[in-house]
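Novice: Protein chains in written order, with this note's numbering: chain A, 1 to 91; chain B, 92 to 695. One structure is given below, represented as structure tokens, and several questions about it will come after.
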């Protein structure tokens, strides 16, 4: 029981670590980047002013990537600690 | 048979998509053959609604887990599509590009907020709620914290938030139906409701899931095709989303030329606005940045607490599938959202550029008034050309439009064939119907499962429960249509309020229920009531009582008041009262571990 508990505890620590990382990246693309939009507009990317690009497309794309990456990373953690669901639970 | 259906999803929806494309081609041929535009609009809306109704009827069910969570067997990818349709409302489809057209950079806070919220859904909420195995969001609150009162508080917040939202959606279906079928708005609203109910009445979540997938396919085709067409016509290639950067730069030059933001309108017309905000002028002051950030935050936390979104992730086969499904959802949403600013830009370019045949700013008023699309949209009060300064020339501050027109009229502004307008009408209808379906179901399920079954009559039989659920669905829908027909708020205002209500009352009780073991019933109740009441009171103060917004927090952002109150109330009260019992703590541990089946029994 003690080992099951400590395994659970270790799994939760890693999960919390991953979640924190995700939220930090999220915070940057959600708030920090747009705070500096006027400055970013000095630069251009694909022909767009960068500040406009980030609000209209860049941050959105970053969110898509973060979520897929998070899903994979969390799965790896679950498998490592033996708490993932069986493969045939999907579909 | 059911297993067969799930295994053959790819084939079935592939055929469906092919069939829809064929239908569009057929309509194009009919248009060439001289069939009237009205008939084509009629066929588009009628045909698509007919298909959804058919799916709805075929998916009827009398099993509770099918009715409430689609049997928890919706594959991640399809759940992603269904969520995208569930999510993208009339506001996203009809109003968003128009919002960017009129609001410029500031409006793009909605784009960022409504996508970034999914990061919170994926990392903080969806997988854990899926593991919990609840049927509804209040089901989680009620079981995690225990007691009927906590459950009831969650039901109330859910109903207020979702109901605010659903009236806006029924309003949107009414608007589109009225336009496409040439019927009065009041009738259109009830017609829209009938379409929505056929999809959800008989099959609950199961039926809504499979119609939403079908609706996503229609709405994304309807949104992207006109933009690609228009971009190709004006020389920006087939992937406008990547290539409209130059168009943005050109629009900035044209806006300077036409003095956008300098020339202010001197007249006002109800519901119509003139263009005053340049496309790319992020504010330099602290207040501008603060307003952008606070709107983003409210929309994000609202996303992560709106029950009709969260409950979509209860339907996946596993916790792992729930996580990846959030990824698919946001990818499918992204396809529309990164197209919206492109559409707004091309529309601006079409109207402002004197070198294009479509450019009207700077032309003579008589010439503009002679245009067919101007006459048509002016006739239904979507647009008005007014020569305010009497010089006979149309200036930027003399063209008044409703924001929805940017999506709905774009095909005509750019001179595309009418078949495209019919397609857009079908897409707008799909977007508004799918969201209304999800919302009505969220409300009716909370009332039938949490209020009726869990609180009022725990002995009720399955059959009675499902009949009550359907009667409630009908009742809530009728109430929504009635309120929508009164036209109390604009579509966008009501949508933003729904997010603020949800994040004020539910965000922290949900997050802390998973992430803070010490959170207890008293704390959660304090958090829900404190956040919801303070947020609502502030909304009343700032929007209805004519109060001065504090720190620029206007009625679109009242979650900024509700959320901290909710958080502080929840923490303080939790710490002042006893910690949750061991059973509850073990339940939280189980929620955090994917393996081992749901916490609640499958037929609770």
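Note that CB positions come from ideal geometry on N, CA and C, so glycine has one too.
(1) Give me the Cβ distance between residue 646 (chain B) and residue 656 (chain B), rounded to the nearest whole Å; I'm assuming they're in contact under 8 angstroms.
(2) Taking Cβ positions, are residue 553 (chain B) and residue 256 (chain B) nearer each other than 9 angstroms?
(3) Leaving out five residues before and five after residue 328 (chain B) in sequence, what residues of the same chain have Cβ atoms less than 6 angstroms from its Cβ?
(4) Is the Cβ of residue 30 (chain A) closer than 9 angstroms to any Cβ of chain B?
(5) Is it the case that the Cβ atoms of residue 220 (chain B) and residue 401 (chain B) are separated by a distance below 9 angstroms?
(6) Kindly indicate which three-state DSSP category residue 1 (chain A) falls into: helix, strand or coil?
(7) Rounded to whole angstroms, what's the CA-CA distance from residue 201 (chain B) to residue 385 (chain B)? Just pull it up for me.
(8) Going by other Cβ atoms of all chains shown within 10 Å of its Cβ, with 16 needed for buried, is residue 85 (chain A) buried or exposed?
(9) Can you name the start and end residues of the beta strand (DSSP E) that residue 492 (chain B) belongs to?
(10) Which residue's Cα is closest to the Cα of residue 355 (chain B): B:367, B:541, B:361?
(11) Considering Cα atoms alone, identify which of B:379, B:594, B:404 is closest to residue 643 (chain B).
(12) For residue 150 (chain B), tell me which candidate among B:303, B:251, B:194 has the shortest Cα-Cα distance.
(13) For residue 136 (chain B) versus residue 520 (chain B), is the C-beta spacing smaller than 9 angstroms?
(14) Name the residues in the region 53-79 of chain A whose C-beta lies less than 8 angstroms from a C-beta of chain B; which are they?
(15) With DSSP as the reference, label residue 644 (chain B) as helix, strand or coil.
(16) Taking only the alpha-carbon atoms, compute the straight-line gap between residue 568 (chain B) and residue 309 (chain B) and give it to the nearest angstrom.
(17) Are any of the Cβ atoms in chain A nearer than 9 angstroms to that of residue 95 (chain B)?
(18) Under 8 angstroms between beta-carbons, which chain A residues line up against residue 371 (chain B)? List them in chain order, please.
(19) Look up residue 72 (chain A) in the DSSP assignment and say whether it is helix, strand or coil.
(20) Buried or exposed, going by whether 16 or more other CB atoms sit within 10 Å of the CB of residue 6 (chain A)?
(21) Measuring CA to CA, which of B:148, B:203, B:111, B:371 is closest to residue 51 (chain A)?
(22) Leaving aside the five residues before and after residue 572 (chain B) along the sequence, list all residues of the same chain whose C-beta is less than 6 angstroms from its C-beta, in chain order.
(23) By the three-class DSSP mapping on this structure, what secondary structure does residue 475 (chain B) have?
(24) Under a three-way DSSP split, which group does residue 633 (chain B) fall into?
(25) Between the C-alpha atoms of residue 91 (chain A) and residue 437 (chain B), what's the straight-line distance to the nearest angstrom?
(26) With contact counted as at least three CB pairs below 8 angstroms, one residue from each stretch, are the region 225-241 of chain B and the region 490-505 of chain B in contact?
(27) For the region 537-567 of chain B, enumerate the residues whose C-beta is nearer than 9 angstroms to any C-beta of chain A, in chain order.
(28) Around the C-beta of residue 488 (chain B), are 16 or more other C-beta atoms found within 10 angstroms, so that it is buried, or is it exposed?
(29) Check each candidate in B:203, B:408, B:423 and name the one with the smallest Cα separation from residue 100 (chain A).
(30) What alpha helix (DSSP H) runs, 4 residues minimum, are completely inside the region 530-579 of chain B?
(31) Who are the near neighbours of residue 685 (chain B) in its chain, counting only those whose CB is closer than 8 angstroms to its CB and skipping five residues on each side?
(32) Count the other CB atoms, across all protein chains shown, that sit within 10 Å of the CB of residue 112 (chain B); report buried if there are 16 or more and exposed otherwise.
(33) When DSSP builds the beta bridges, which residues end up paired with residue 40 (chain A)?
(34) Given residue 211 (chain B), which residues of its chain have a CB within under 8 angstroms of its CB, disregarding the five upstream and five downstream residues?
(35) Taking Cβ positions, are residue 660 (chain B) and residue 626 (chain B) nearer each other than 9 angstroms?
(36) Taking the alpha-carbon positions, what's the residue 305 (chain B) to residue 107 (chain B) distance?
Specialist: With the given structure in hand:
(1) Not a contact, Cβ separation roughly 17 angstroms.
(2) No, the pair does not count as a contact, with Cβ atoms beyond the cut-off.
(3) 334
(4) Interface residue, yes.
(5) yes
(6) Per-residue confidence for residue 1 (chain A) stands at a pLDDT of 45, beneath the threshold of 50, marking its modelled position as unreliable; no derived number is given.
(7) So the alpha carbons of these two residues sit roughly 11 angstroms apart.
(8) buried
(9) 490-492
(10) B:367
(11) B:379
(12) B:303
(13) yes
(14) 53, 55, 56, 57, 59, 60, 61, 63, 64, 66, 67, 68, 70, 71, 74, 75, 78
(15) Residue 644 (chain B) carries a strand assignment under DSSP once its states are collapsed to helix, strand and coil.
(16) 23 angstroms
(17) no
(18) 41, 49, 51, 52
(19) helix
(20) exposed
(21) B:371
(22) 261, 280, 281, 284
(23) strand
(24) helix
(25) Because residue 91 (chain A) carries a pLDDT of 49, less than 50, the predicted location of this residue cannot be relied on, and the following value inherits that uncertainty. Computed Cα separation, rounded: 41 angstroms.
(26) As far as the Cβ criterion goes, the region 225-241 of chain B does not touch the region 490-505 of chain B, which means the pair count is below three.
(27) none
(28) buried
(29) Any answer about residue 100 (chain A) is impossible in this case: the structure gives chain A only from 1 up to 91.
(30) 553-576
(31) 218, 222, 409, 410, 411
(32) exposed
(33) Per DSSP, none; premise fails for residue 40 (chain A).
(34) Within the same chain, residue 211 (chain B) has close Cβ partners 391, 392, 394, 395.
(35) Not in contact: residue 660 (chain B) and residue 626 (chain B) (Cβ atoms no closer than 9 angstroms).
(36) Going by the C-alpha atoms only, they are around 8 angstroms apart.
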